[in-house]
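What follows is a short report on a single structure.
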Amino acid sequence: MSAIWKYISDVLKGIWTLIQGMRITGYYFFRPRLIVTQQYPENRRTLEMFERFRGEVTMPHNENNEHRCTGCGICEISCPNGSIEIITATVLLPDGKKKRIIDKHIYHLGMCSLCNLCVKNCPSDAIVMAQTFEHAVWDRTQLTKVLNRPGSKIMEGVKE
Amino acid sequence: MAFSIYDFSTLTQSIHDGLSSRLSPTGTLAMEWAIVGIVILLFVAVFGLFLVYAERKVCAFFQQRLGPMRVGPWGLVQTIADFIKLLMKELIQPARADKFLYNLAPFIVIIVTFLAISVIPFAKGLQAFDFDIGVFFVTSITAVGVIGILLAGWSSNNKYSLIGAMRSGAQIISYELSVGLSLITIVIMAGTLQLSGIVEAQRAGWFIYRGHIPAIIAFFVFVIAGTAETNRGPFDLAEAESELTAGFHTEYSGIKFAFFFLAEYVNLFIVSAMATTVFLGGWMALHVGNLEGFNHVMDLLPPVFWFFIKVFFVIFLIMWFKWTFPRLRIDQILTLEWKFLLPINLFNIILMTVIVLLGWHF
Amino acid sequence: MQEAEPDRIETQEYLVNMGPQHPSTHGVLRLLLKLEGEIVHHVDPHIGYIHSGIEKMCESLTYPQIPYLTDRMDYLSAHMNEEVVCLCIENALGVEVPDRVKYIRTIFSELQRLASHQLWWCVMGMDLGALTTFFYGLRDREKILDIFEETCGARLTLHYSIPGGLMFDIHPNFQKRVHDFLNYFRKKLPEYDQLLTGNVIFQERTRGIGIFPKEAVINYGVTGPSGRASGFSCDVRKHLPYSAYPFVSFQEALDDRGDTLARYQVRIKEMWESMSIIEQLIDNIPEGDVQVKMKGVVKLPEGEYFQRVESARGDFGVFIISDGKKSPYRLKFRSPGFSNLSALHAMSKGWKIADLVAIMSSLDLVIPDIDR
Amino acid sequence: MSPEELNAHIQSLEPAAVVVMGKQFPEVMVPEDQLRYLARELKENPSTAFDYLICLTGADFDDHMKVIYHLESTVHRNILVLKTRTLSRINPVLPTVSDIWRTAEFHEREVFDLLGIRFKGHPDMRRLFLSDEWGFPLRKDYVDEVRIVDR
Chain A
0 MSAIWKYISD
10 VLKGIWTLIQ
20 GMRITGYYFF
30 RPRLIVTQQY
40 PENRRTLEMF
50 ERFRGEVTMP
60 HNENNEHRCT
70 GCGICEISCP
80 NGSIEIITAT
90 VLLPDGKKKR
100 IIDKHIYHLG
110 MCSLCNLCVK
120 NCPSDAIVMA
130 QTFEHAVWDR
140 TQLTKVLNRP
150 GSKIMEGVKE
Chain B
0 MAFSIYDFST
10 LTQSIHDGLS
20 SRLSPTGTLA
30 MEWAIVGIVI
40 LLFVAVFGLF
50 LVYAERKVCA
60 FFQQRLGPMR
70 VGPWGLVQTI
80 ADFIKLLMKE
90 LIQPARADKF
100 LYNLAPFIVI
110 IVTFLAISVI
120 PFAKGLQAFD
130 FDIGVFFVTS
140 ITAVGVIGIL
150 LAGWSSNNKY
160 SLIGAMRSGA
170 QIISYELSVG
180 LSLITIVIMA
190 GTLQLSGIVE
200 AQRAGWFIYR
210 GHIPAIIAFF
220 VFVIAGTAET
230 NRGPFDLAEA
240 ESELTAGFHT
250 EYSGIKFAFF
260 FLAEYVNLFI
270 VSAMATTVFL
280 GGWMALHVGN
290 LEGFNHVMDL
300 LPPVFWFFIK
310 VFFVIFLIMW
320 FKWTFPRLRI
330 DQILTLEWKF
340 LLPINLFNII
350 LMTVIVLLGW
360 HF
Chain C
0 MQEAEPDRIE
10 TQEYLVNMGP
20 QHPSTHGVLR
30 LLLKLEGEIV
40 HHVDPHIGYI
50 HSGIEKMCES
60 LTYPQIPYLT
70 DRMDYLSAHM
80 NEEVVCLCIE
90 NALGVEVPDR
100 VKYIRTIFSE
110 LQRLASHQLW
120 WCVMGMDLGA
130 LTTFFYGLRD
140 REKILDIFEE
150 TCGARLTLHY
160 SIPGGLMFDI
170 HPNFQKRVHD
180 FLNYFRKKLP
190 EYDQLLTGNV
200 IFQERTRGIG
210 IFPKEAVINY
220 GVTGPSGRAS
230 GFSCDVRKHL
240 PYSAYPFVSF
250 QEALDDRGDT
260 LARYQVRIKE
270 MWESMSIIEQ
280 LIDNIPEGDV
290 QVKMKGVVKL
300 PEGEYFQRVE
310 SARGDFGVFI
320 ISDGKKSPYR
330 LKFRSPGFSN
340 LSALHAMSKG
350 WKIADLVAIM
360 SSLDLVIPDI
370 DR
Chain D
0 MSPEELNAHI
10 QSLEPAAVVV
20 MGKQFPEVMV
30 PEDQLRYLAR
40 ELKENPSTAF
50 DYLICLTGAD
60 FDDHMKVIYH
70 LESTVHRNIL
80 VLKTRTLSRI
90 NPVLPTVSDI
100 WRTAEFHERE
110 VFDLLGIRFK
120 GHPDMRRLFL
130 SDEWGFPLRK
140 DYVDEVRIVD
150 R
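Residue numbers (numbering that gives the first Met the number 0), protein chains in the order written: chain A, 0 to 159; chain B, 0 to 361; chain C, 0 to 371; chain D, 0 to 150.
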């Protein structure tokens with residue numbers, strides 16, 4: 000007899016656990032305002048990334064088209080992937096001294112793993128991480144960028 | 000031409016009369032066949048697509064998602080777009096498949112669903128064939144569907160497909176028993192196998208109410224066994240996504256895959272429609288005791304509407320199962336059937352017989 | 000000599016290739032199964048589909064460059080991977096990091112463990128056919144990833160620990176967010192139990208499946224929750240405490256049943272423990288620097304250094320042989336998934352295919368961790 | 000067992016073994032033909048009971064190749080580093096310990112795959128990650144001009 004009772008109680012207990020699960024899913028079914036889906040391309044306007052989000056490396060310029068990069072090449076050395084290439088040029092200063100300045104700060108976004116080591120190691124805070132995240136392009140050559148703008152020069156007062 | 004949405008028999012009768020006045024009896028029959036065929040075809044296509052959409056939305060809401068939203072308002076046209084995509088896709092055939100059986104299998108599966116749908120009474124007079132053995136016909140014809148699944152698995156020349164098909168075979172043949180027995184429980188009460196007769200017998204009250212305890216048990220057994228019959232979660236072992244990738248239809252693509260897909264959803268409808276017809280009073284409106292006013296308001300809704308409300312209720316229940324429970328293992332599925340559902344069912348039949356003999360039902 | 004039996008039906012082993020693209024091998028694990036009907040007779044894991052030669056790459060990287068690469072191995076416990084390399088380098092150099100760094104590292108490790116276990120939970124449900132768990136787990140994991148993103152700027156490959164400290168200080172919102180998350184998740188975790196753990200189908204699918212005794216677990220080097228479910232006390236946080244673990248009290252989640260359900264429940268217990276560890280630390284983060292001044296070029300003194308941490312999957316170790324140059328001479332990662340995978344055959348032999356899937360997800364394999 | 004006792008114990012077991020106190024753990028250098036004996040003793044003797052092989056590493060030192068075993072005792076909770084080496088580069092063979100610690104089965108396959116050291120007695124000595132015709136990438140003389148870009 001006890002076997003029969005055990006059988007029946009097993010069946011009922013099993014059904015009870017099933018109802019417990021259905022209660023959870025049912026709870027969410029009837030509360031559509033708890034939906035967590037973000038409709039990405041539609042919410043582009045309101046979508047905001049965290050300020051530390053690492054999207055890509057950029058070089059901020061001020062309104063006079065000046066940046067802080069001295070062309071020291073520390074970012075190039077610290078990059079584990081070789082995604083930064085520094086091309087420097089030598090200019091003759093008015094006082095006759097030669098000075099090394101940045102010619103092109105080439106950045107291969109396609110090779111970058113966004114590890115932040117270059118930004119961290121930069122002694123003059125010339126490069127920062129931007130919050131952009133839509134990097135898809137039609138041609139991979141477009142992923143190679145020159146970070147210093149044409150005609151830009153170094154800001155006054157940046158230590159070599 | 001008299002037409003009422005409360006009784007379709009006048010409409011069908013007038014069509015029959017109109018046709019037979021113009022054509023010979025053979026021509027009339029052929030014409031009626033054609034009409035019925037086209038109507039069922041359209042119904043299966045439209046309703047199947049709608050069910051796919053409904054399932055995606057329902058499952059999304061269970062999972063705190065939105066589901067399809069892009070194509071059309073609230074993604075309403077999504078399944079149509081999917082269907083067009085499936086139509087245009089290339090039909091890939093495995094190199095060493097059994098070509099004939101491989102092509103035959105989806106047709107068997109889909110034809111079975113057409114046949115089963117033909118006896119479902121949507122409303123009074125809205126039924127293609129009103130057999131006097133309707134219940135028996137449905138249970139026997141749905142059993143043929145497993146042949147299609149077995150053939151699909153065997154002929155695909157894919158090991159996953161074969162395992163899926165074998166599982167499906169074992170499972171469906173077992174659960175046939177429970178489906179049949181739980182229907183018989185009600186047949187004992189109704190005293191007829193004719194589906195329209197069963198519905199008419201529920202004019203005084205739905206069987207799930209009139210037959211109280213055994214009818215409720217039979218209803219749940221039927222829903223569980225019906226879910227297993229349609230290979231839906233938690234009994235979706237035949238396709239068991241995480242184990243067998245896609246089970247028996249792994250190798251099917253394009254429209255042939257669409258057939259399996261459509262058949263699955265139409266089978267879901269058939270199970271729900273049977274549950275509605277047999278347990279929930281078919282097209283009968285919801286009546287509560289002697290509340291005349293309430294009952295009268297309920298009667299204003301046309302029977303077809305009532306039928307579909309009930310069907311969607313059962314479909315929703317089955318979807319709720321699928322999106323909540325983990326999948327069973329093959330031996331557990333068979334254990335559930337042979338050690339739990341079958342004894343309960345047999346006991347239930349005896350109980351029902353006793354109740355009917357003693358007149359303890361309502 | 001074997002005698003021929005003429006009227007016996009010839010049977011063949013049923014060879015099935017499970018993976019490398021298979022829904023339940025989670026990535027690119029390939030299992031060659033020998034079946035008899037539904038019964039699994041032999042499991043032969045074929046790996047290497049995502050082998051990226053990280054150990055070889057590390058030999059040409061400088062020490063500060065290594066942690067970023069380890070994120071890509073076991074991407075679900077990225078912070079622990081960074082931490083082990085940083086700890087190893089710091090120990091070798093004899094650098095003592097400030098307490099603030101230790102506390103933050105520990106909080107991050109525990110958040111990472113929570114995130115990893117949440118993903119494991121939803122994937123476990125999905126493997127067993129309960130697809131809804133997948134979305135509930137990811138919904139909660141998203142909250143942790145937001146915490147990570149706000150402080151580290153990345154969601155998965157954090158690169159937050161660096162030799163000698165942390166990349167940045169924590170974000171001002173960090174503590175509030177963690178508190179919010181803990182309050183939220185304390186309510187959600189019981190739902191996990193109601194939805195999946197208590198479910199009779201789930202219990203039937205996991206109870207007594209893939210039992211692995213304690214001796215075998217030690218012999219196969221199965222560590223982490225999978226090892227502890229068999230009674231192998233292998234929590235590195237307890238036995239060789241590192242970072243801020245000496246300052247907190249927590250229980251090692253142990254079980255002695257050794258079946259799939261035990262492995263499942265140990266992880267659920269660990270989630271509770273992780274939350275309690277975070278709770279103990281989050282309000283007591285000491286003030287101070289988050290970085291020790293390191294030399295421009297980090298060079299480890301000649302010798303061999305071995306460091307272990309408890310990652311979400313088990314005993315994660317790094318072994319560095321240094322020849323005194325700026326990059327390691329040889330670097331080896333002891334990845335927990337690799338050893339856990341080696342036990343898969345012994346665990347799943349004789350069980351059904353469906354059980355193999357359950358056992359595999361209870362081991363919580365992450366393939367890049369195995370392939371490296 | 001304290002490190003000193005352990006040293007003495009190992010010396011008494013195997014006089015050919017060289018025991019030094021490393022930076023972190025005691026390190027034992029053992030000739031390859033004595034490896035299996037010592038390993039078995041260390042595991043099965045209850046006073047040492049090194050039953051958990053944490054990590055098995057192969058390393059190439061130009062003139063010889065080393066295999067390093069990190070052992071832990073789950074009873075006494077001490078860690079020991081066992082080392083052995085082979086001088087041959089053409090056909091390096093070492094005895095297997097996969098029957099002593101089953102976890103070594105995969106680790107030895109990995110070492111074979113990446114360094115080309117064969118383990119005698121291993122039940123399934125196939126490559127693990129790479130294809131059969133691949134070189135042995137963790138050897139120091141491995142050159143792959145196609146896939147490795149030097150900077």
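Don't be surprised by glycine CBs; every beta carbon is placed ideally from N, CA and C.
Sub-9 Å separation of residue i and residue j beta-carbons
{"i": "A:Arg51", "j": "C:Phe167", "result": "yes"}
{"i": "C:Pro97", "j": "C:Val84", "result": "no"}
{"i": "C:Val235", "j": "C:Ile276", "result": "no"}
{"i": "B:Thr138", "j": "B:Ile197", "result": "no"}
{"i": "A:Gln19", "j": "C:Gly197", "result": "yes"}
{"i": "C:Glu309", "j": "C:Gly223", "result": "yes"}
{"i": "B:Leu261", "j": "B:Thr352", "result": "no"}
{"i": "C:Leu127", "j": "C:Phe201", "result": "yes"}
Rounded straight-line distance, which links the Cα of residue j to that of residue i
{"i": "C:Ile46", "j": "D:Asp59", "result": "23 Å"}
{"i": "A:Glu133", "j": "C:Tyr135", "result": "27 Å"}
{"i": "A:Glu55", "j": "B:Leu90", "result": "44 Å"}
{"i": "B:Gly144", "j": "B:Phe7", "result": "30 Å"}
{"i": "C:Glu301", "j": "D:Cys54", "result": "21 Å"}
{"i": "C:Gln174", "j": "C:Ser76", "result": "21 Å"}
{"i": "D:Gln33", "j": "C:Ser232", "result": "31 Å"}
{"i": "B:Ala1", "j": "B:Gly358", "result": "Any reading at B:Ala1 needs caution, since the residue's pLDDT is 49, under 50, leaving its predicted position unreliable; the model's value is listed next. In a straight line, the C-alpha of B:Ala1 is about 41 Å away from that of B:Gly358."}
{"i": "B:Gly71", "j": "A:Tyr39", "result": "17 Å"}
{"i": "B:Lys382", "j": "B:Asn156", "result": "Because chain B here runs from 0 to 361, residue 382 of chain B falls outside it and cannot be looked at."}
DSSP-derived helix/strand/coil call for residue i
{"i": "B:Pro233", "result": "coil"}
{"i": "D:His121", "result": "coil"}
{"i": "D:Pro2", "result": "helix"}
{"i": "B:Ile207", "result": "helix"}
{"i": "B:Ala1", "result": "Because the pLDDT of B:Ala1 is 49, which lies under 50, any placement of that residue in the model is unreliable, and the number read from its coordinates should be weighed accordingly. If DSSP states are grouped into helix, strand and coil, B:Ala1 belongs with coil."}
{"i": "D:Gly115", "result": "coil"}
{"i": "C:Asn16", "result": "strand"}
{"i": "C:Pro22", "result": "coil"}
{"i": "B:Thr108", "result": "It should be noted that the sequence gives Val, not Thr, for residue 108 of chain B. Looking at B:Val108 - three-state DSSP - the assignment turns out to be helix."}
{"i": "C:Met359", "result": "helix"}
{"i": "B:Glu31", "result": "helix"}
{"i": "B:Tyr264", "result": "helix"}
{"i": "A:Asp166", "result": "With chain A covering only 0 through 159, there is no way to say anything about residue 166 of chain A."}
{"i": "C:Gly349", "result": "coil"}
{"i": "B:Lys255", "result": "helix"}
Closer than 8 Å at the beta carbon, the chain D residues around residue i
{"i": "C:Phe318", "result": "Cys54, Thr56, Ile67, His69"}
{"i": "C:Glu54", "result": "Leu113, Leu137"}
Neighbour list for residue i in chain A, Cβ cutoff strictly below 7 Å
{"i": "C:Met166", "result": "Asn115, Lys119"}
{"i": "C:Gly197", "result": "Thr16, Gln19"}
Chain B residues whose Cβ lies nearer than 9 Å to that of residue i
{"i": "C:Tyr191", "result": "Those within 9 Å of C:Tyr191 in chain B number zero; the least Cβ separation is about 13 Å."}
Residue i: contacting residues in chain B (beta-carbon distance under 8 Å)
{"i": "A:Thr45", "result": "The premise fails here: A:Thr45 is roughly 16 Å from chain B at the closest Cβ pair, so nothing lies under 8 Å."}
Beta strand (DSSP E) runs wholly inside the stretch 244-328 of chain C, at least 3 long, in chain order:
302-310, 313-321
Residue ranges of each alpha helix (DSSP H) within the stretch 102-154 of chain C, 4 or longer:
131-151
Can you check the stretch 75-140 of chain A for any alpha helix (DSSP H) of at least 4 residues that lies completely inside it and give the ranges in chain order?
116-120
Ranges of the beta strand (DSSP E) found wholly within the stretch 2-39 of chain D, counting only runs of at least 3
17-20, 25-28
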